[in-house]
Amino acid sequence: MQKSLHLDPAKCTGCLQCEMACSYEKLGEFNPSRSVIKVFTFHEEGRFAPYTCTQCDEAWCLRACPVDAITMDMSTGAKIVIDDKCVGCKVCTISCPFGTINYVQETGKVAKCDLCGGDPECAKACPTEAITYIDANATGYDRMKAFAEKSLPSANTSA
Amino acid sequence: MSWTRNVLRVNLTEGTCTPEPLNMEWATKYLGQRGLATKYLVEETDPNVDPLSPENLFIMATGPLTGTMASTGGRYSVITKSPLTGAIACSNSGGFIGNEFKNAGWDMIIFEGKSPTPVYLYIENDLTELRAADDLWGKSAWEADEMLHEKHQDPNLKIAVVGRPAEEGCLYSAVINDLHRAAGRSGVGTVMASKNLKAVAVRGTKGVKGINDPKAFFEAVNDGKQVLAENAVTGEGLPAYGTQVLMNVINGVGGLPARNMRDVGFEGAENISGEAMHEPRASDGKPNLTTNGACFGCTIACGRISTVDKTHFSVKDKPQYHGASGGLEYEAAWSLGADTGVDDIDALTYVNFVCNEDGLDPISFGCTVAAAMELFEDGKMTTEDTDGIELRFGSAEALVASIEAVAAGTHFGKILGLGSKRMCEKYGAPELSMSVKGQEFPAYDPRGIQGIGLAYATSNRGACHLRGYTIASEILGIPVKTEQTESDGKPELVKAFQDATALVDSAGICVFTTFAWGMENIAPQIDAACEGDWSVDKCLEAGERIWNMERQYNNAAGFTSDDDTLPKRLLKEAIKSGPTKGQVNRLGEMLPIYYEVRGWTPDGVPTAETLERLSLA
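Chains as they are written, first to last, in our numbering: chain A, 1 to 159; chain B, 1001 to 1617.
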């Protein structure tokens, strides 16, 4: 079964545990500035939104890379950057419609989410289940379930 | 290691920024943040220094767990000598800037001297510069924050800043960070402004590294998170209602003071409670509360993000207040509400916004307004003093006009900016200031809840609930229930809370974790992160050491046991009605025992043996 990261902004509190977990997994340090999952705060709206690569099937970044530095992890479906091949040309960052692959000046290469080999640390660190790693076919099911519940005759909703 | 081991020393007089190594010998005795920065202050300044003179130090300090995955590990504190109290000040704040200091590579920033012109400190990792802030001077904290973000074109820049009242000497000015978090108490913002330091803007990308024992650390941290998630207060009550979960509880047990503590019990409590923040309002069907929000690394997320009803008189013509921002916490809802007799939740939310916007401590502000209301109703203060405001208990209009007066620095605003102690002295009624050592009370009545009275009286920074939150035990039964109107056993309880809190405040984590965590949850996280022995016993000993160091500083600054007292009202005027009717605070019974339990002389001075035992000799 292929799994996907499922992001639910309504549950996010903006604590950044995910960003710390991501950076610790990749760099062995707590460094939110280097996390490839980002939480955005919309202060005046009182909203928080986690965002990262959705691992497109037809990945723009992978197709754009002139040196074949981006490949697919066959076990997870993640598009991963081979650091030894990446030349830091940034063409992938231009091609990605979502902005979720980015150049890192400290390394001279690009970085993106690789799903931690199938056990994403961000999802494990999230205290509110705003980030979960679930069946890729079912990422809409919680919303579907909520609407299904609304469609129940009211007599059946009370216990 | 977990400390970065780097201190940035900023000499504002000379305009220099100089790195120096952290004193690791002190770090192993005082841990970080509150304890360690106080050690620097004690060693480097005369306790009799004028708090607003260049000779006072102003320190921003993180703890070893700041910037780590330990839950709530994003705290930082401001340590200085307080202009409001003349005592040691340590004001703790969450938000996101604590982590940014740490990620920039600094455990602590020590400011000394005074800049000849307004400046702000800009930090980008190793790049540290004082830059001109003439354009920021005179701006509110929110305006200055926006201008700095615009100037640096960096949305991730984290900013700590003072508002306009601080520049003009308002004695309870806060340092605001991330727009709505504050190092709030004791006038630490007033000290910052007195140094012509308007703001600190920091960006850190170096990473927090060097956890001493990563395997043990993640084990302890994950266990701690699970305890928080499963606890009724930290897992349910605080996320849903914030600290405002307390309003109805404390009112119900006869512990909620009202109208400058003339009364206990507030008939309007329900209208300003955490539950009320969830109620849809008539105008737009939306509740006051938009969402809960977390500070950096916090898995509790008690923060309130709120809006004011757009049709409310306070903001009707002010679209700049129509967005969401930091909402009411319990202490602010009490001081701005119950203590002034105002039960209009939109008025309180607006006033709370302005406290954040202009950098004011809402507890001291609200209590000072409450004292002024009593002076006004007693005829000691008139509309000539109040810029024409009819300053009566229960008037939301008067409350709103008062915050605008302080923000604008009007004649009456300046009077309120004195704080309740100096203001009440000025009007010949010092007994109407509900304060200890010059700092106003928070939201628990020491007559209805005995232990908290002793905690207020002996708090090293003046009246404060966060120096020994005995409410946890006396009302909530954490870790064990003690009888709220009983004074027996309270000296021991107060000491235990004070020492544990001193350690928590030195670690980089939030004291709210202690609703669920005991030292047996906290010590292993510190022990795994830091080198050295941080067992439960060592942590408690360090906490007691820090408390005694602060006490010695205050004693040297001229405080005596006479200052460990409460206003006459709380010692003599019995509660008139409700579940705690007839009670006064029995401080006289508790204080001598407290001194004994502390290992202090009957005059409140640590004995030679106590100092020896705590390696303070």
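By construction, the Cβ of each residue, glycine as well, lies at the ideal position given by its N, Cα and C atoms.
Anything in chain B within Cβ reach of residue i, meaning under 7 Å, just list it in chain order.
{"i": "A:N102", "result": "What A:N102 touches in chain B: nothing, since even the nearest Cβ is about 13 Å away."}
{"i": "A:T13", "result": "N1292, G1293, A1294 and A1301"}
{"i": "A:P127", "result": "K1225, A1229 and T1299"}
{"i": "A:S35", "result": "Ordered by position in chain B, no residue passes the 7 Å Cβ test against A:S35, which lies about 11 Å from the chain."}
{"i": "A:L27", "result": "G1207"}
{"i": "A:Q17", "result": "M1069, G1297 and T1299"}
{"i": "A:G163", "result": "Since the first residue of chain A shown is 1 and the last is 159, residue 163 of chain A is not available in this structure."}
Whole angstroms is fine: what's the gap from residue i's alpha carbon to residue j's?
{"i": "B:F1313", "j": "B:N1288", "result": "15 Å"}
{"i": "B:E1550", "j": "B:E1474", "result": "25 Å"}
{"i": "B:Y1321", "j": "B:D1358", "result": "13 Å"}
{"i": "A:A136", "j": "B:G1285", "result": "37 Å"}
{"i": "B:A1557", "j": "B:T1045", "result": "11 Å"}
{"i": "B:V1351", "j": "B:W1142", "result": "14 Å"}
{"i": "B:A1216", "j": "B:A1528", "result": "6 Å"}
{"i": "B:N1023", "j": "B:S1283", "result": "57 Å"}
{"i": "B:G1303", "j": "B:N1092", "result": "15 Å"}
{"i": "B:T1004", "j": "B:T1028", "result": "14 Å"}
{"i": "B:L1012", "j": "B:I1079", "result": "17 Å"}
{"i": "B:G1297", "j": "B:D1178", "result": "15 Å"}
{"i": "B:D1537", "j": "B:E1279", "result": "46 Å"}
{"i": "B:D1603", "j": "B:F1559", "result": "11 Å"}
{"i": "A:A148", "j": "B:V1249", "result": "38 Å"}
{"i": "B:T1386", "j": "B:I1097", "result": "37 Å"}
{"i": "B:K1568", "j": "B:G1265", "result": "19 Å"}
{"i": "B:A1347", "j": "B:V1400", "result": "7 Å"}
{"i": "A:C92", "j": "A:C56", "result": "13 Å"}
{"i": "B:K1426", "j": "B:M1381", "result": "10 Å"}
{"i": "B:V1175", "j": "B:G1184", "result": "6 Å"}
{"i": "B:V1245", "j": "B:V1315", "result": "26 Å"}
{"i": "B:G1477", "j": "B:P1319", "result": "44 Å"}
{"i": "A:F98", "j": "B:G1242", "result": "35 Å"}
{"i": "B:P1430", "j": "B:A1407", "result": "25 Å"}
{"i": "B:R1281", "j": "B:Y1469", "result": "34 Å"}
According to the Cβ coordinates, are residue i and residue j closer than 7 Å?
{"i": "B:I1088", "j": "B:N1554", "result": "yes"}
{"i": "B:P1064", "j": "B:G1508", "result": "yes"}
{"i": "A:C14", "j": "B:A1294", "result": "Before going further, note that residue 14 of chain A is Gly rather than Cys in the sequence given. Result yes, Cβ atoms of A:G14 and B:A1294 sit closer than 7 Å."}
{"i": "B:A1070", "j": "B:Q1033", "result": "no"}
{"i": "B:A1463", "j": "B:V1436", "result": "yes"}
{"i": "B:G1224", "j": "B:D1343", "result": "no"}
{"i": "B:K1495", "j": "B:V1597", "result": "yes"}
{"i": "A:L5", "j": "A:Y133", "result": "yes"}
{"i": "B:K1206", "j": "B:G1105", "result": "yes"}
{"i": "B:R1075", "j": "B:C1530", "result": "no"}
{"i": "A:K85", "j": "A:A69", "result": "yes"}
{"i": "B:N1548", "j": "B:E1374", "result": "no"}
{"i": "B:G1448", "j": "B:G1582", "result": "no"}
{"i": "A:G118", "j": "B:A1324", "result": "no"}
Can you list, in chain order, the residues of its chain with a C-beta nearer than 6 Å to that of residue i? Leave out the 5 residues immediately preceding and following it.
{"i": "A:S158", "result": "Confidence in A:S158 is poor, its pLDDT being 49 and thus under 50, which makes the residue's placement too unreliable to answer from."}
{"i": "A:C169", "result": "The shown model of chain A, from 1 to 159, leaves out residue 169 of chain A, and the question about it has no answer."}
{"i": "B:K1421", "result": "S1433, S1435 and G1438"}
{"i": "A:D114", "result": "A78 and I80"}
Taking residue i as the query, report the chain A residues whose CB atoms sit under 7 Å from its CB, ordered along the chain.
{"i": "B:L1179", "result": "H43"}
{"i": "B:G1067", "result": "F30"}
Interface residues of chain B around residue i at Cβ under 9 Å?
{"i": "A:S23", "result": "G1207"}
{"i": "A:F147", "result": "The contacting residues do not exist; A:F147 stays about 21 Å from chain B at best."}
By Cβ distance, which residues of its chain are closer than 7 Å to residue i, with the 5 residues on each side in sequence left out?
{"i": "B:A1516", "result": "V1227, L1228, N1231, V1233 and T1234"}
{"i": "B:E1544", "result": "D1499 and L1614"}
{"i": "A:C116", "result": "E25"}
{"i": "A:T41", "result": "G14 and F48"}
{"i": "A:C96", "result": "W60 and C61"}
{"i": "B:T1066", "result": "G1073, G1074, R1075, Y1076, G1098, N1099, K1102 and G1508"}
{"i": "B:Y970", "result": "Look at the range of chain B in this structure, 1001 to 1617, and you will see that residue 970 of chain B is not part of it."}
{"i": "A:Q2", "result": "G77 and A136"}
Within the same chain, show all residues whose beta-carbon is closer than 8 Å to that of residue i, passing over the 5 residues directly before and after it, in chain order.
{"i": "B:M1147", "result": "D1135, L1136 and K1139"}
{"i": "B:L1041", "result": "L1057, I1059, I1079, T1080, K1081, I1088 and Y1553"}
Starting from the beta carbon of residue i, find every residue of chain B whose beta carbon is closer than 8 Å, and list them in chain order.
{"i": "A:L5", "result": "Those within 8 Å of A:L5 in chain B number zero; the least Cβ separation is about 19 Å."}
Problem - Three or more C-beta pairs below 8 Å linking the segment 1302-1318 of chain B and the segment 1333-1342 of chain B - result: no
Problem - Cβ contact (3+ pairs, closer than 8 Å) linking the segment 1416-1434 of chain B and the segment 1363-1370 of chain B - result: yes
Practice task
May I ask you to verify whether the segment 1575-1595 of chain B touches the segment 1111-1123 of chain B, counting CB pairs closer than 8 Å and requiring at least 3?
Solution key: The segment 1575-1595 of chain B vs the segment 1111-1123 of chain B: no contact.
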